[in-house]
Amino acid sequence: MTTPRNNPTPTPTPNPRPRTDAPFLVGDRVKGTSYVPPGPHRREAPENFEGVVVQVGSGYAGVDAEQAFLWVKLKDHTERQALVADTELVEE
1 MTTPRNNPTP TPTPNPRPRT DAPFLVGDRV KGTSYVPPGP HRREAPENFE
51 GVVVQVGSGY AGVDAEQAFL WVKLKDHTER QALVADTELV EE
C-alpha cells in the first residue's frame, strides 16, 4: 500500500497472482472433471464443472501424496472435489 503525503488513507496497490509451487490458489477460477471416489455403491458420476477454488488439498499432511485434490464452488453454491491433474485455470 502507498500513502501520499497529503492523504493519510492508504491506496491499495494491485498485486499480481503470487508465485507459488502450487498449481492453484484459493480464489482461482478453474474448470475440469469432478472426482468420484471408487466404491461399490456410488450413484455419482464424474461431471464437467467450472467454478472457484475454495480448498487446495485435503488439509491433512500426507493424505494428498498420491493424488492431489482441490474443492471447487460452483455457481449454484454446491462444491465438487477434483483431482489437480484433471483441472485447469480459466483465462479471464
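Read in order, the letters of the sequence shown are residues 1 to 92 in full-length UniProt numbering. Even for Gly, the Cβ is constructed at its ideal location relative to N, Cα and C.
Residues in the same chain with beta-carbon distance under 6 angstroms from residue i, minus the five sequence neighbours each way, listed in chain order, please.
i   : result
A68 : V84
E47 : S34
D86 : G32 and T33
Which residue wins for smallest C-alpha separation from residue i, given the options the options?
i   : options               : result
G32 : V53, A22 and P40      : V53
K75 : E50, L89, Q55 and D86 : E50
A22 : P40, Q55 and R43      : Q55
Alpha carbon to alpha carbon, how far is residue i from residue j?
i   : j   : result
W71 : E79 : 7 angstroms
L89 : G57 : 16 angstroms
P37 : D28 : 24 angstroms
G39 : Q81 : 16 angstroms
K73 : V26 : 11 angstroms
E91 : H77 : 21 angstroms
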